[in-house]
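Read the structure below first, then the notes.
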Amino acid sequence: MIEFGISRFAYPGGRDVLRGVDFTVAEGELCLLVGPPGAGKSTLLQTVNGLAPHFTGGTLEGQVRVAGRDTREHRPQDLADVVGYVGQDPLKGFVTDTVVDEIAYGMEQLGLGPVAMRKRIEETMDLLGIAELRGLPLLELSGGQQQRVAIAAVLAAQPAVLVLDEPTSALDPTAAQDVLSAISMLVNEVGLTVLLAEHRLERVMHAADSMIWLDGTGRAEYGKPAELLAHTSIQPPLAQLAKAAGWETVPLTVRDARRRARAEGLSPREPFPSPSHPARAALTCENLTVRYGQQVAVNGVSLQLAAGEVTAVMGRNGAGKSSLLWALQGGIPSSGELSVDGEDPRALGAAAARRVVSLVPQTAADLLYLPTVGQELAQADKESEAAPGTARRLLATLGVELSGDEDPRDLSEGQRLALVLAIQLAARPAVVLLDEPTRGLDYGAKARLAEVIAGLRSAGIAVAVSTHDVEFAAQVSTRTVLMADGDIIADGETRHITTSSPAYSPQMAKVFAPLDILTPAEVAAGLREVEW
Amino acid sequence: MKAIHPWAWWVWAIALAGTACLTTNPLLLALLALVITAVTALRRQDTPWARSIRAYFWLALIVIAVRVFFQILLGANEGSTVLFALPEVPLPGWAAGIRLGGALTLEGLLYTLYDAARLAVMLLCLGAANALANPRQALRSVPAALYEVSVAVVIALSVAPQLIESIQRVAKARRLRGQRADGLKGLLSLVIPVLSDAIERSIALAAGMQARGFGRRVGKGSPGPLALMLAAAMVATFGVFLLLSGGASWLSAGCLFLGVAGTLAGLRLAGRRLRVTRFNPPPWGLREWAVSACGLAAFGLTAAVSIANPSVLHPSTNPPSWPALSPLLLLAVLAAALALAPSGIAGAKSPGLPEAVGTVRSLRPRPATVANPAARPALAAVHPADWGAP
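The listed protein sequences correspond, in order, to chains A and B.
Read in order, the letters of the first sequence correspond to residues 20 to 551 in this note's numbering.
Read in order, the letters of the second sequence correspond to residues 405 to 794 in this note's numbering.
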């Protein structure tokens, strides 16, 4: 269905993004596209409908054929009836205001009659389970709903191929599951060919028929997921488990892994419960409430963050996680009591507040406003009243080397996050709040971030991380706070909270169910202990 | 509730703006402002664009305030009724004709107020149109050939509110770096993140539109329609020139007619190459005719007064005179206000019903526009399963 024959692709004045991409994705296949950030995943996706190079610019040597049409001769708009393309942020790609109009838009461009359009709109909405949303403004939908509307909007044109760029990166575990099950249903029942870029493989690899691995040098490898996962550096939890257990192929589902572990009598020792010592509370809030007009985002929350403890804040999209973190920093108005070492960050000036509580917001790039990395770091030293070079040294300890004259906007997600972290840590805060830091990070970058957080913890800093990434939360946190509708509905040890609800339990917990094991690292450690 | 066709509100609002343009009578302007406010308040829906009316109110007030301020500061004050006098700053000889400070006369102030009120009411009309009609819906109803223009506007329309959102977000983020977001320096520090955000969004939107088939063309392009439209525009311009220089004549009317007709024909020809259909186009029915007629009637009546009795529309300010209204002008205001009636009919019948009700109703099969048979084979050949073919 998609015949890649790209010998070289480069943007003007840049290095080769893709080299030697040569294989065919068959009809009705769900193909996963994986690779480190900046490896050219988005570019490869865009070559399928000709956005690259027709829209993005650049030179493509070789050819890409979709359903027999050559993208050299067909522009993206001429391929709209064959390829449905959904970008990373659905909200940015919406052309109209309401759900029905958005779904109709593509068909209007194809010149379909009103009767056919009407029928297809209903069918598509039923297929994705969004019929009840038809008249709603797109802005009022939740993230998961928006993503499903975006998929419905391209599906209505009945393309043969669906191309999705990280469709679940902003979604909570349940919403992500909804979107992914809709996609795999389309593959199974409608016979759609799907090409999907995704960082969190644990969510989709069980449904994938094939996989494309971009190694970062521009080369692409195509093959079966189980084989590719065994020798590439992309390491979802099950691949790490396979490595720890010495399995040659990677089990693609929790069920496979469970069976294999049972068959081999794999039973790692449970990790020792960490000694719970009464930690000093670094941040205390009582009855904290955040309102936006009539809407209550955080509803009288009482919480303590202990020094040297990492707390994961989890919950659905819109549960109030971000609002809570912002309120704890004092960055948005709130009522109730808030105290960090006896001081209220809301009463302090902005400069003093960030030396007490530091927040890295969801869109970390918002904090960067200077033209070069060097100026940002120098400004960070100045505003933190730290010795010159502090921020740069911090950046180096975060494992990221950047040249001073790079533009912060050109950095990868992981590099940008490290830069913002270095800037914020230069102020030596007692409390660090991270809002969705794993968005857009691959396994390598996430592992480095986990090390950074462990470092903060051992330095006695209280850390709170809001995240949708269950595996990451299990890896870095010792305590978890679950939020729903502005309330804290559960607060306790991560080990206890995550294993008690299926949506929030990590894969290792599911594989070794009665055993109290959360991460592949614990499996590896547990297995070593058994061997001794 | 099925909303009134957006263009009906635009016709109504533009006609009222034209009415305001014809007069400096403060009574008539005040009544028009009242009518516009009342209709907007009663007929707007709870939508993001409907909230924009407040901004237009402030803009109108600012216009009046700025005009009055400059009249006081450096106005050419005619008349003899001095209200108060500012010390006059002597200016050098080369600034002859400009006066700084000095006496403010009642006549000068009234003239400025009336003139500013006219502009303010016209601004209100624009705001009312924006609040009552969904701008994107209005753009969806433009002829297919103007599509490329409308795309630019669609992008601007969707990026503008997002721009405000990103300004707020970035300003909030400034605090996290210990800075204040106000002041010139704070403002400058917002520029880079906000602009790069806006550009990124516009590019994503443009890519999304293209990927979904925007701008598909059937057949090869020919310069014919463009040449026709250009020629028509030139003929029309010539007609306007004749009209303005020599008054109405058969020649100027003919030129104007030819120009308009040529432009329409060109648009139609160009539109034919874009095979674009509309899903659920807002119907143009009796209510739409009635709303536009209300606006046009107000304009027509006022225009009639301006020919028959221009002094009512422009009350003298030197010497100051008490403005008056003629019965015809009251009728014009009444006509403008009558737009409430037709637009209220459907609203009163089915308040709060979801949009979908209207959608179903207007989707009775229209045989003339059923799917283009020529487009079918190509679609059928490539789509994976037959789950949607009519």
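Beta carbons are placed, not taken as given, at the ideal position from N, Cα and C, and that holds for glycine.
Would you please verify whether the beta carbon of Ala464 of chain A is less than 8 angstroms from any beta carbon of chain B? Numbered from its first residue, the first sequence carries residue 464 of chain A at position 445. It does not; no Cβ of chain B falls within 8 angstroms.
Note down, in chain order, each residue of its chain lying with its Cβ closer than 8 angstroms to the Cβ of Asp504 of chain A, except the 5 sequence neighbours on either side. Walking along the first sequence from the start, residue 504 of chain A turns up at place 485. So the list reads Asn318, Ala338, Gly339, once near-sequence residues are dropped.
Starting from Thr641 of chain B, find everything on chain A with Cβ-Cβ shorter than 7 angstroms and list it in chain order. One-based indexing of the second sequence puts residue 641 of chain B at position 237. Correct list: empty, because the minimum Cβ distance to chain A is about 34 angstroms.
According to DSSP, which residues form a beta bridge with Ile231 of chain A? Start at 1 with the first residue of the first sequence, and residue 231 of chain A comes out as number 212. According to DSSP, Ile231 of chain A bridges with A:Leu52, A:Tyr241.
Which residues, taken in chain order from the region 566–596 of chain B, show a beta carbon closer than 7 angstroms to some beta carbon of chain A? Arg573, Val574, Lys576, Ala577, Arg579, Leu580, Arg581, Gly582, Gln583, Arg584, Ser593, Ile596
Extent of the continuous alpha helix (DSSP H) run through Gly474 of chain A: For the purposes of this step, residue 474 of chain A is taken as residue 455 along the first sequence, with counting starting at 1. Its alpha helix (DSSP H) spans residues 462–477.
Under 8 angstroms by Cβ, that's how I've got Ile21 of chain A and Val180 of chain A pegged, so tell me the actual separation to the nearest angstrom. Reading the first sequence from its first residue, position 2 is the one you call residue 21 of chain A. Reading the first sequence from its first residue, position 161 is the one you call residue 180 of chain A. Contact between Ile21 of chain A and Val180 of chain A holds: their C-beta atoms lie close to 6 angstroms from each other, under 8 angstroms.
When DSSP builds the beta bridges, which residues end up paired with Ile507 of chain A? To locate residue 507 of chain A, count along the first sequence from 1; it is residue 488. Per DSSP, A:Met502.
Straight-line Cα distance separating Val359 of chain A from Val44 of chain A: For the purposes of this step, residue 44 of chain A is identified with residue 25 of the first sequence, where counting begins at 1. For the purposes of this step, residue 359 of chain A is identified with residue 340 of the first sequence, where counting begins at 1. The straight-line gap from Cα to Cα measures roughly 56 angstroms.
Taking a contact to mean a Cβ-Cβ separation below 8 angstroms, would you say Thr90 of chain A touches Val83 of chain A in this structure? Against the first sequence, residue 90 of chain A aligns to sequence position 71. Against the first sequence, residue 83 of chain A aligns to sequence position 64. Less than 8 angstroms separates the beta-carbon of Thr90 of chain A from that of Val83 of chain A.
To the nearest angstrom, how far is it from the Cα of Glu80 of chain A to the Cα of Val495 of chain A? Here residue 80 of chain A refers to the residue found at position 61 when the first sequence is read from its first residue. Here residue 495 of chain A refers to the residue found at position 476 when the first sequence is read from its first residue. Taking the straight line joining both Cα atoms gives about 44 angstroms.
For Ala728 of chain B, list the residues DSSP reports as bridge partners. Locating residue 728 of chain B in the second sequence gives position 324, counting from the first residue. Ala728 of chain B is not bridged to any residue.
Output the boundary residues of the alpha helix (DSSP H) element that contains Asn722 of chain B. For this step, residue 722 of chain B is matched to residue 318 along the second sequence. That residue, Asn722 of chain B, is in no alpha helix (DSSP H); it is neither H nor E in DSSP.
For the alpha helix (DSSP H) holding Ala499 of chain B, just list the boundary residues, first then last. The residue labelled residue 499 of chain B in the question sits at position 95 within the second sequence. Premise fails: Ala499 of chain B is in no alpha helix (DSSP H) and is neither H nor E.
By a C-beta neighbour count over all protein chains shown, 10 Å radius and 16 as the cutoff for buried, is Val553 of chain B buried or exposed? What you label residue 553 of chain B is simply residue 149 of the second sequence in a count that begins at 1. Exposed, because fewer than 16 other Cβ atoms sit within 10 Å of the Cβ of Val553 of chain B.
Strictly below 8 angstroms CB to CB, what residues from chain A border Ser696 of chain B? The count along the second sequence starts at 1 and reaches residue 696 of chain B at position 292. Those within 8 angstroms of Ser696 of chain B in chain A number zero; the least Cβ separation is about 24 angstroms.
Proximal residues, the region 515–535 of chain B versus chain D, C-beta separation under 9 angstroms: Absent here is chain D; the protein component of the structure consists of chains A and B.
How is Asn306 of chain A classed by DSSP in three states: helix, strand or coil? On the first sequence, position 287 is the one that residue 306 of chain A refers to. Strand, per DSSP.
Which value, in whole angstroms, describes the spacing of the CA atoms of Glu492 of chain B and Gly479 of chain B? To locate residue 492 of chain B, count along the second sequence from 1; it is residue 88. To locate residue 479 of chain B, count along the second sequence from 1; it is residue 75. Rounded to whole angstroms, the gap between the alpha carbons of Glu492 of chain B and Gly479 of chain B is 12 angstroms.
With a threshold of 8 angstroms on Cβ separation, who are the neighbours of Phe488 of chain B within its own chain once the five nearest residues in sequence on each side are excluded? Looking up residue 488 of chain B in the second sequence gives position 84. These residues qualify, in order along the chain: Ala507, Leu508.
Residues near Thr115 of chain A by beta carbon distance below 7 angstroms, same chain, minus five either side: Locating residue 115 of chain A in the first sequence gives position 96, where the first residue counts as 1. So the list reads Glu121, Tyr124, once near-sequence residues are dropped.
Could you tell me which chain B residues have their CB closer than 7 angstroms to the CB of Phe74 of chain A, listed as they occur along the chain? Counting from one through the first sequence, the residue named residue 74 of chain A turns up at place 55. The contacting residues are Ala611, Gln614.
Is the beta carbon of Arg365 of chain A less than 8 angstroms from the beta carbon of Leu378 of chain A? For the purposes of this step, residue 365 of chain A is identified with residue 346 of the first sequence, where counting begins at 1. For the purposes of this step, residue 378 of chain A is identified with residue 359 of the first sequence, where counting begins at 1. Contact flag unset, no.
Using only CA atoms, which one of B:Glu569, B:Gly582, B:Ala577, B:Arg447 lies nearest to Asp400 of chain A? Taking the first residue of the first sequence as 1, we reach residue 400 of chain A at position 381. Per the Cα distances, B:Gly582.
If you draw a straight line from the alpha carbon of His218 of chain A to that of Leu155 of chain A, how long is it in whole angstroms? Position 199 of the first sequence, counted from the start, is the residue given in the question as residue 218 of chain A. Position 136 of the first sequence, counted from the start, is the residue given in the question as residue 155 of chain A. Between His218 of chain A and Leu155 of chain A, the C-alpha separation is close to 31 angstroms.
Where Met333 of chain A falls: helix, strand or coil (DSSP): On the first sequence, position 314 is the one that residue 333 of chain A refers to. Residue state, collapsed to three classes: strand.
DSSP three-state assignment for Asn207 of chain A, whether helix, strand or coil: Numbered from 1 along the first sequence, position 188 holds the residue referred to as residue 207 of chain A. Asn207 of chain A: helix per DSSP, three-state reduction.
Trp232 of chain A: buried (16+ other C-beta within 10 angstroms of its C-beta) or exposed? Your numbering for residue 232 of chain A matches position 213 in the first sequence. Trp232 of chain A is buried by the Cβ-count criterion.
Once the 5 residues before and after Val269 of chain A are set aside, which same chain residues still bring their CB inside 7 angstroms of it? Taking the first sequence and counting its residues from 1, one reaches residue 269 of chain A at position 250. Excluding positions up to five away in sequence, the list reads Ala245, Leu248, Ala249, Leu257, Ala258, Ala261.
Could you pull out every residue in the same chain whose Cβ sits closer than 7 angstroms to the Cβ of Val223 of chain A, ignoring the five residues on either side in sequence? On the first sequence, position 204 is the one that residue 223 of chain A refers to. The answer, listed in chain order, is Leu51, Leu199, Leu215, Glu217.
Identify each residue in the region 418–439 of chain A for which the Cβ-Cβ distance to at least one residue of chain B is less than 7 angstroms, and report them in chain order. Arg428
Nearest candidate by alpha-carbon position, reference Arg238 of chain A, set A:Phe113, A:Leu190, A:Gly59: For the purposes of this step, residue 238 of chain A is identified with residue 219 of the first sequence, where counting begins at 1. Answer by Cα proximity: A:Gly59.
Suppose you measure from the CA of Val598 of chain B to the CA of Gly590 of chain B; what does that come to, to the nearest Å? In the second sequence, residue 598 of chain B corresponds to position 194, counting from 1. In the second sequence, residue 590 of chain B corresponds to position 186, counting from 1. Distance between the alpha carbons of Val598 of chain B and Gly590 of chain B is about 13 angstroms.
Say whether chain A places a C-beta atom closer than 8 angstroms to the C-beta of Trp413 of chain B. Taking the first residue of the second sequence as position 1, residue 413 of chain B is located at position 9. By this cut-off, Trp413 of chain B is not an interface position.
Return no unless some Cβ of chain A is closer than 8 angstroms to the Cβ of Ser600 of chain B. In the second sequence, the residue the question calls residue 600 of chain B occupies position 196. Closer than 8 angstroms to some Cβ of chain A, the Cβ of Ser600 of chain B qualifies, so yes.
Chain A partners of Asn538 of chain B, CB-CB under 8 angstroms? Here residue 538 of chain B corresponds to residue number 134 of the second sequence, with the count starting at 1. Going along chain A in sequence order, the residues near Asn538 of chain B (Cβ under 8 angstroms) are Asp116.
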